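*Asks:* Below: one structure in structure tokens.
There are 2 protein chains.
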Amino acid sequence: MENELISTEQLVQLIETKNVKEIRRIFEVVPTIDIAEAIDDIEDVKQIVFIFKTVKSEYTADLFAELHPDTKEKLIAAMSDSELADIIESQFTDDLVDDIEDLPANLVYRVLKNVSKERRATINRLLNYKENTAGSIMTTEFLVLLDTLSVDEAIAQIRKVGKTKETIYTLFIIDKRRNLVGTLDLDDLIFAKGDEILSDLMNRDFVTVNINTDQEEVANLIKRYDLNAIAVLNNEDRLVGIITVDDIIDVIEQEATEDVAALSHVTPLEDSYLDTSPFSMAKKCVPWIIILLILGTFTTMVLDKLQDQAVFTMVPILIAFVPTLMDTGGNAGGQTIALMIRGLATKEFTPRDFLKVILKEVLTALIVSSVILVFSFLWFTMEQYTGIVGLNINDPTGPAMTIWNKQCWSMDFFAHAVKVSATVSITLFAASFIAKFVAVCLPLGVAALKKDPAIVAQPLLTTIVDVLALISYLGIATIAFTLI
Amino acid sequence: MENELISTEQLVQLIETKNVKEIRRIFEVVPTIDIAEAIDDIEDVKQIVFIFKTVKSEYTADLFAELHPDTKEKLIAAMSDSELADIIESQFTDDLVDDIEDLPANLVYRVLKNVSKERRATINRLLNYKENTAGSIMTTEFLVLLDTLSVDEAIAQIRKVGKTKETIYTLFIIDKRRNLVGTLDLDDLIFAKGDEILSDLMNRDFVTVNINTDQEEVANLIKRYDLNAIAVLNNEDRLVGIITVDDIIDVIEQEATEDVAALSHVTPLEDSYLDTSPFSMAKKCVPWIIILLILGTFTTMVLDKLQDQAVFTMVPILIAFVPTLMDTGGNAGGQTIALMIRGLATKEFTPRDFLKVILKEVLTALIVSSVILVFSFLWFTMEQYTGIVGLNINDPTGPAMTIWNKQCWSMDFFAHAVKVSATVSITLFAASFIAKFVAVCLPLGVAALKKDPAIVAQPLLTTIVDVLALISYLGIATIAFTLI
Numbered sequence: 002m003e004n005e006l007i008s009t010e011q012l013v014q015l016i017e018t019k020n021v022k023e024i025r026r027i028f029e030v031v032p033t034i035d036i037a038e039a040i041d042d043i044e045d046v047k048q049i050v051f052i053f054k055t056v057k058s059e060y061t062a063d064l065f066a067e068l069h070p071d072t073k074e075k076l077i078a079a080m081s082d083s084e085l086a087d088i089i090e091s092q093f094t095d096d097l098v099d100d101i102e103d104l105p106a107n108l109v110y111r112v113l114k115n116v117s118k119e120r121r122a123t124i125n126r127l128l129n130y131k132e133n134t135a136g137s138i139m140t141t142e143f144l145v146l147l148d149t150l151s152v153d154e155a156i157a158q159i160r161k162v163g164k165t166k167e168t169i170y171t172l173f174i175i176d177k178r179r180n181l182v183g184t185l186d187l188d189d190l191i192f193a194k195g196d197e198i199l200s201d202l203m204n205r206d207f208v209t210v211n212i213n214t215d216q217e218e219v220a221n222l223i224k225r226y227d228l229n230a231i232a233v234l235n236n237e238d239r240l241v242g243i244i245t246v247d248d249i250i251d252v253i254e255q256e257a258t259e260d261v262a263a264l265s266h267v268t269p270l271e272d273s274y275l276d277t278s279p280f281s282m283a284k285k286c287v288p289w290i291i292i293l294l295i296l297g298t299f300t301t302m303v304l305d306k307l308q309d310q311a312v313f314t315m316v317p318i319l320i321a322f323v324p325t326l327m328d329t330g331g332n333a334g335g336q337t338i339a340l341m342i343r344g345l346a347t348k349e350f351t352p353r354d355f356l357k358v359i360l361k362e363v364l365t366a367l368i369v370s371s372v373i374l375v376f377s378f379l380w381f382t383m384e385q386y387t388g389i390v391g392l393n394i395n396d397p398t399g400p401a402m403t404i405w406n407k408q409c410w411s412m413d414f415f416a417h418a419v420k421v422s423a424t425v426s427i428t429l430f431a432a433s434f435i436a437k438f439v440a441v442c443l444p445l446g447v448a449a450l451k452k453d454p455a456i457v458a459q460p461l462l463t464t465i466v467d468v469l470a471l472i473s474y475l476g477i478a479t480i481a482f483t484l485i
Numbered sequence: 002m003e004n005e006l007i008s009t010e011q012l013v014q015l016i017e018t019k020n021v022k023e024i025r026r027i028f029e030v031v032p033t034i035d036i037a038e039a040i041d042d043i044e045d046v047k048q049i050v051f052i053f054k055t056v057k058s059e060y061t062a063d064l065f066a067e068l069h070p071d072t073k074e075k076l077i078a079a080m081s082d083s084e085l086a087d088i089i090e091s092q093f094t095d096d097l098v099d100d101i102e103d104l105p106a107n108l109v110y111r112v113l114k115n116v117s118k119e120r121r122a123t124i125n126r127l128l129n130y131k132e133n134t135a136g137s138i139m140t141t142e143f144l145v146l147l148d149t150l151s152v153d154e155a156i157a158q159i160r161k162v163g164k165t166k167e168t169i170y171t172l173f174i175i176d177k178r179r180n181l182v183g184t185l186d187l188d189d190l191i192f193a194k195g196d197e198i199l200s201d202l203m204n205r206d207f208v209t210v211n212i213n214t215d216q217e218e219v220a221n222l223i224k225r226y227d228l229n230a231i232a233v234l235n236n237e238d239r240l241v242g243i244i245t246v247d248d249i250i251d252v253i254e255q256e257a258t259e260d261v262a263a264l265s266h267v268t269p270l271e272d273s274y275l276d277t278s279p280f281s282m283a284k285k286c287v288p289w290i291i292i293l294l295i296l297g298t299f300t301t302m303v304l305d306k307l308q309d310q311a312v313f314t315m316v317p318i319l320i321a322f323v324p325t326l327m328d329t330g331g332n333a334g335g336q337t338i339a340l341m342i343r344g345l346a347t348k349e350f351t352p353r354d355f356l357k358v359i360l361k362e363v364l365t366a367l368i369v370s371s372v373i374l375v376f377s378f379l380w381f382t383m384e385q386y387t388g389i390v391g392l393n394i395n396d397p398t399g400p401a402m403t404i405w406n407k408q409c410w411s412m413d414f415f416a417h418a419v420k421v422s423a424t425v426s427i428t429l430f431a432a433s434f435i436a437k438f439v440a441v442c443l444p445l446g447v448a449a450l451k452k453d454p455a456i457v458a459q460p461l462l463t464t465i466v467d468v469l470a471l472i473s474y475l476g477i478a479t480i481a482f483t484l485i
């Protein structure tokens, strides 16, 4: 890294000594985001206003955009109308809309008072798009060029108006009725001869999205077609905005964080982690815990009935394996559900691949469950012989008979230990197979119904698998200990 | 969407009827990735070779890059040396290296035979960079310009050599000793006057990475500084490659998928989901299940000892709540661990924010656990009064006394039910508080030791929380039923 670092203390000292020259130099050599983070920690808003008055206007636009929402709020309240108008003028409309969504009402009023009438209309329109749609993340500062322009004319026009646009790397080409007819990458324009006509150069195989397209779908298209920017059309197929690749990076991270959150039973945070209060955090956690607690009632019911069954009072050691049974079932299912949900999210497959996916998972489940069966049989037998769990064939609640005291070298003990191990490991086989099977069907089914598979599938999985595992356990134990 | 669609059947028919004109037209109007996917399903490799001979060379480079690895393999085996050399010549070196890593040895030999000596050296160097480092994902086709050039000279040079470079949107500026001294965005070049000198225009506040920098760190820098491309320096601080934003999108998705996988106890797949065989899938699942099964032994041990304790034989209903206890503890901890791991991954905080994070989580844990305490107390009492779990104060294993048969309207029943509810819900309070506390300390500690928190933290959490919850349960139950 070549760039210098700047701390809040250094910055405050420069402001207090009014060292204008050094402040301006810092903006030349330190990335704006790093300066913005140092400014976020300055307590006196007057000092921040001083910076905005001091540095060149080419930096203030970026600087304002990079500040923390709380700093922006302080600053908007402290600036004069004319200072505010200058800053607002320099912001991209999509950033401004994001800011407005964070501001208290009186400051929203101050911002809207200081924008032009046309822009106010655009802002109001953008504020009305539903969250997570293309409309809500698009920017309205894009460059359109007429398809009849020559390359030289196009470059001249870009030089004239390009600076105010979010990107000039993808150019949107329209015909004279203002319909979008093509896109052109800036590099193709640079490589072309000066007298070539745009309509001969442009790509006609471009993709577009609608204002209501889900942002995850937009991200997948930008990724798939390796785009720098994608056109957003309204319901009349008019070009109304663009979405650039850097907006999409945030979408991809956000969607991934939502997947992780849903799989871990917590509602995704709205603000950044450090800005979220413990009370808001609790609000994201509590509903899930309560839902799962209520769903857990089924497990409690089944286990309560199980306990009273003859076979479990006869062989109480079996109860000690219940958590292992449920954890392993839950783990086996959780693996599959994680692969399903990321596969669906990154479009590695769609619900239409149902049969292929289900066949693959059934085979995988068979292999995994068989390995578990063999391993757990040996492991559980070892546990009984070493006294890790207390098996005593003469007195079920008595001290464990172990290899150390040679009490367990009888055929009776062997037969009993093998029966216990077989019961638990066959149930484990069944539980992990069922878990993986349910875990592949649930998300595919939920996705086919156009619901978010991450949120719905996981809580249901645990309950279904727990209950089925316990019922299988009873059946298998009854066969092993009363019928054989 | 404006673009046409093409199916494998249509394509095969066009090839069989040798409809060259229509095939060429399709490449003009359909995005290459869509055509590539249709070609992937063509069985006869000779038909694929026919397409490569038919379409313009400006499309074949992209087309080859977008094909499935298996199709590439077939194609490389079927092409003549001269055809292969043409295709290889047109590929970016980073893509070629990825291909080589997927190919069997005899085809690697064919590829390397058909590249120039210098390029072979570059490929060998790239193949040696460690996985997931900047060196392993960088491309060596970047554009450098001397800092003494004028804007017009620079544009002329870009026009001459730019086509062969991965991006011209970020230009890397070197001095005459070939040290990287600045970067310049293409748009700033376009907006500048023809006679301005690059050293006056370039950004001096650029960031760089080393060949050994982790790809996740590279992604975070590109995101933070909103870059189109970042320079990669070797250990002598020479510019050896660049990484572009579209490579980073894959890194971000991959890292997210790894977080999801680790939290769900499965090793991330190496190939795409549909390309992974059930046997390989099982290999990603089995080791985790076995490790968790072994860790679960501690839980089995503790529960086995617990069962024999006087208080649990006296009040067997308590055993029925064990799964709820463990599930809730696991869920409460899982929520926190998910927030921790995504927060660390997206750099919302670092292990240095330890105190801030731990304070926030302790407060959150207190709120969440208190709500759980109150709700679960009421819910468990309801469960006993309605007979969802069978409480019978005269005969512990007898049928449940419920509000329906009015057997339970005695102070004795009330006192007993309240004791059961209080025992379970106070344990739940303790378990969820402990779980959240362990869940915040574990990932921060593991991250501070520079290990991946997602992989290490989750399995340990479950075991620690299960064992602590069961021990608390015994303590609280003993106090409630034998001391009070």
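Top line first, the protein sequences correspond to chains Y and C.
Counting the first sequence from 1 gives a position; our numbering is that position plus 1.
Counting the second sequence from 1 gives a position; our numbering is that position plus 1.
Heads up, the beta-carbon is just placed ideally off N, CA and C, and yes, glycines get one too.
This structure is a prediction, so every number in the text was calculated from the model and none was measured.
1. Taking the beta strand (DSSP E) that L172 (chain C) falls in, what are its first and last residues?
2. In the structure shown, what three-state DSSP assignment does I231 (chain C) receive?
3. Going straight from the alpha carbon of T337 (chain C) to that of E362 (chain C), what length do you get?
4. Got a sec, what are the start and stop residues for the alpha helix (DSSP H) D99 (chain Y) sits in?
5. With a threshold of 8 Å, are at least 3 pairs of Cβ atoms found where one atom belongs to the segment 329-345 of chain Y and the other to the segment 307-317 of chain C?
6. Measure from the C-beta of D153 (chain C) to each C-beta in chain Y and report whether the shortest distance is under 8 Å.
7. 8 Å is my cut-off, CB to CB: does S91 (chain Y) come that close to chain C?
8. Let me confirm a value: E29 (chain C) is counted as buried when at least 16 other C-beta atoms fall within 10 Å, else exposed. Which label applies?
9. Using a C-beta to C-beta distance shorter than 8 Å, which residues of chain C count as neighbours of L6 (chain Y)?
10. So the candidates are Y:V233, Y:T464 and Y:Q14; which of them puts its Cα closest to the Cα of M327 (chain Y)?
11. Determine the chain Y residues that contact M302 (chain C) at a beta-carbon separation under 7 Å, and present them in chain order.
12. Quick one: any contact between the segment 242-253 of chain Y and the segment 213-231 of chain Y, if contact means 3 or more CB pairs under 8 Å?
13. Whose C-beta lies closer than 8 Å to the C-beta of V56 (chain Y) among residues of the same chain, with five residues either side of it excluded?
14. How many angstroms separate the CA atom of A86 (chain C) from the CA atom of K194 (chain Y)?
15. What does the alpha-carbon distance come out to for the pair E156 (chain Y) and L185 (chain Y)?
16. Going by DSSP in three states, T351 (chain Y) sits in which element: helix, strand or coil?
17. For Y66 (chain C), count neighbouring C-beta atoms within 10 Å of its own C-beta (all shown protein chains included) and say buried if the count is 16 or more, exposed if not.
18. Grouping DSSP H, G and I as helix and E and B as strand, with all else coil, what is V267 (chain C)?
19. Using a beta-carbon distance below 8 Å, is D201 (chain Y) in contact with chain C?
20. Can you tell me where the beta strand (DSSP E) with D186 (chain Y) in it begins and where it stops?
21. List, in order along the chain, the chain C residues whose C-beta lies closer than 8 Å to that of P324 (chain Y)?
22. For M2 (chain Y), does the three-state DSSP call read helix, strand or coil?
23. Only counting the same chain, and skipping five residues up and downstream in sequence, which positions put a Cβ closer than 6 Å to that of A262 (chain C)?
24. Within the continuous alpha helix (DSSP H) that includes T464 (chain Y), where are the two ends?
25. Classify L450 (chain Y) as buried or exposed, calling it buried when 16 or more other Cβ atoms lie within 10 Å of its own Cβ.
26. Could you tell me whether the segment 75-93 of chain C touches the segment 125-133 of chain C, using the rule of 3 or more Cβ pairs below 8 Å?
27. Within the same chain, show all residues whose beta-carbon is closer than 7 Å to that of V98 (chain Y), passing over the 5 residues directly before and after it, in chain order.
28. Can you list, in chain order, the residues of its chain with a C-beta nearer than 7 Å to that of T387 (chain Y)? Leave out the 5 residues immediately preceding and following it.
29. Compare the Cα-Cα distances from I138 (chain Y) to each of Y:V233, Y:V50 and Y:D176 and report the closest residue.
30. Assuming V419 (chain C) and I318 (chain C) make a contact with CB atoms under 8 Å, what is their CB distance in whole Å?
31. What number of angstroms, rounded off, separates the C-alpha of P32 (chain C) from the C-alpha of D206 (chain Y)?
32. Who does L76 (chain C) pair with in a DSSP beta bridge?
33. Could you check the C-alpha separation between I52 (chain C) and Y110 (chain C) for me, to the nearest Å?
34. What's the gap between the Cα of L462 (chain Y) and the Cα of A440 (chain Y)?
35. Is R225 (chain C) close to chain Y, meaning its C-beta is less than 8 Å from at least one C-beta of that chain?
36. Any residues in the segment 165-182 of chain C with a beta carbon nearer than 7 Å to a beta carbon of chain Y? Which ones, in chain order?
*Replies:* In this structure, then:
1. Sequence index remark: in the second sequence, residue 172 (chain C) carries index 171 (1-based). That run of the beta strand (DSSP E) goes T171 to I175.
2. Along the second sequence, one-based indexing puts residue 231 (chain C) at 230. Looking at I231 (chain C) - three-state DSSP - the assignment turns out to be strand.
3. Reading the second sequence from its first residue, position 336 is the one you call residue 337 (chain C). Reading the second sequence from its first residue, position 361 is the one you call residue 362 (chain C). Near 8 Å, if we compare the C-alpha coordinates of E362 (chain C) and T337 (chain C).
4. Position 98 of the first sequence, counting from 1, holds the residue named residue 99 (chain Y). Run containing D99 (chain Y): T94 to D103, per the alpha helix (DSSP H) assignment.
5. no
6. Locating residue 153 (chain C) in the second sequence gives position 152, where the first residue counts as 1. Not closer than 8 Å to any Cβ of chain Y, the Cβ of D153 (chain C) fails to qualify, so no.
7. Taking the first sequence and counting its residues from 1, the one referred to as residue 91 (chain Y) is at position 90. Not one chain C Cβ lies under 8 Å of S91 (chain Y).
8. For this step, residue 29 (chain C) is matched to residue 28 along the second sequence. E29 (chain C) is exposed by the Cβ-count criterion.
9. Here residue 6 (chain Y) is taken as the residue at index 5 of the first sequence, counted from 1. Residues of chain C passing the Cβ test: none, with the nearest at roughly 11 Å.
10. What you label residue 327 (chain Y) is simply residue 326 of the first sequence in a count that begins at 1. M327 (chain Y) has its Cα closest to that of Y:T464, out of Y:V233, Y:T464 and Y:Q14.
11. Position 301 of the second sequence holds residue 302 (chain C). Result: I389 and V390.
12. yes
13. One-based indexing of the first sequence puts residue 56 (chain Y) at position 55. Cβ within range, chain order: I24, R25, F28 and L64.
14. Within the second sequence, the letter at position 85 stands for residue 86 (chain C). Within the first sequence, the letter at position 193 stands for residue 194 (chain Y). Spanning the two alpha carbons is a distance of roughly 29 Å.
15. For the purposes of this step, residue 156 (chain Y) is identified with residue 155 of the first sequence, where counting begins at 1. For the purposes of this step, residue 185 (chain Y) is identified with residue 184 of the first sequence, where counting begins at 1. For the record, residue 156 (chain Y) in the displayed sequence is Ile; it is not Glu. C-alpha separation (whole angstroms): 12 Å.
16. In the first sequence, the residue the question calls residue 351 (chain Y) occupies position 350. If DSSP states are grouped into helix, strand and coil, T351 (chain Y) belongs with coil.
17. As a first step, residue 66 (chain C) is located in the second sequence; it is residue number 65 there, counting from the start. Note that residue 66 (chain C) is Ala in the sequence shown here, rather than Tyr. With 16 or more other CB atoms across the displayed protein chains lying within 10 angstroms of its CB, A66 (chain C) is buried.
18. Counting from one through the second sequence, the residue named residue 267 (chain C) turns up at place 266. Coil, per DSSP.
19. By one-based count along the first sequence, residue 201 (chain Y) stands at place 200. By this cut-off, D201 (chain Y) is not an interface position.
20. Here residue 186 (chain Y) is taken as the residue at index 185 of the first sequence, counted from 1. Here the beta strand (DSSP E) through D186 (chain Y) covers L181 to D186.
21. Here residue 324 (chain Y) refers to the residue found at position 323 when the first sequence is read from its first residue. The contacting residues are G297, T300, T301, L304, V323, P324, M327 and D467.
22. Within the first sequence, numbered from 1, the residue matching residue 2 (chain Y) stands at position 1. Low local confidence applies: a pLDDT of 43 at M2 (chain Y) is under 50, so the model's placement there is unreliable, and no value is given.
23. Along the second sequence, one-based indexing puts residue 262 (chain C) at 261. Only residues of its own chain outside the window of five on either side were considered, and among them P269 have a CB closer than 6 Å to the CB of A262 (chain C), listed in chain order.
24. One-based indexing of the first sequence puts residue 464 (chain Y) at position 463. Unbroken alpha helix (DSSP H) run through T464 (chain Y): P454 to T479.
25. Numbered from its first residue, the first sequence carries residue 450 (chain Y) at position 449. The residue in question, L450 (chain Y), is exposed, as its Cβ has fewer than 16 Cβ neighbours within 10 Å.
26. no
27. Looking up residue 98 (chain Y) in the first sequence gives position 97. Closer than 7 Å at Cβ, skipping near neighbours: I124, L127 and L128.
28. Sequence index remark: in the first sequence, residue 387 (chain Y) carries index 386 (1-based). Answer for T387 (chain Y): T403 and I404, listed in chain order.
29. Counted from its first residue, the first sequence places residue 138 (chain Y) at position 137. For I138 (chain Y), the nearest C-alpha among the options comes from Y:V233.
30. By one-based count along the second sequence, residue 419 (chain C) stands at place 418. By one-based count along the second sequence, residue 318 (chain C) stands at place 317. Incorrect: roughly 13 Å between the Cβ atoms, too far for contact.
31. Numbered from its first residue, the second sequence carries residue 32 (chain C) at position 31. Numbered from its first residue, the first sequence carries residue 206 (chain Y) at position 205. If you take the alpha carbons of P32 (chain C) and D206 (chain Y), they lie about 6 Å apart.
32. For this step, residue 76 (chain C) is matched to residue 75 along the second sequence. Beta-bridge pairing by DSSP links L76 (chain C) to no other residue.
33. In the second sequence, the residue the question calls residue 52 (chain C) occupies position 51. In the second sequence, the residue the question calls residue 110 (chain C) occupies position 109. Near 25 Å, if we compare the C-alpha coordinates of Y110 (chain C) and I52 (chain C).
34. If you number the first sequence from 1, residue 462 (chain Y) lands on position 461. If you number the first sequence from 1, residue 440 (chain Y) lands on position 439. So the two alpha carbons sit approximately 7 Å from each other.
35. Position 224 of the second sequence, counting from 1, holds the residue named residue 225 (chain C). Answer yes: the Cβ-Cβ gap between R225 (chain C) and chain Y drops below 8 Å somewhere.
36. Taking 7 Å as the cut-off between beta carbons, the residues of the segment 165-182 of chain C near chain Y are I169 and Y170, in sequence order.
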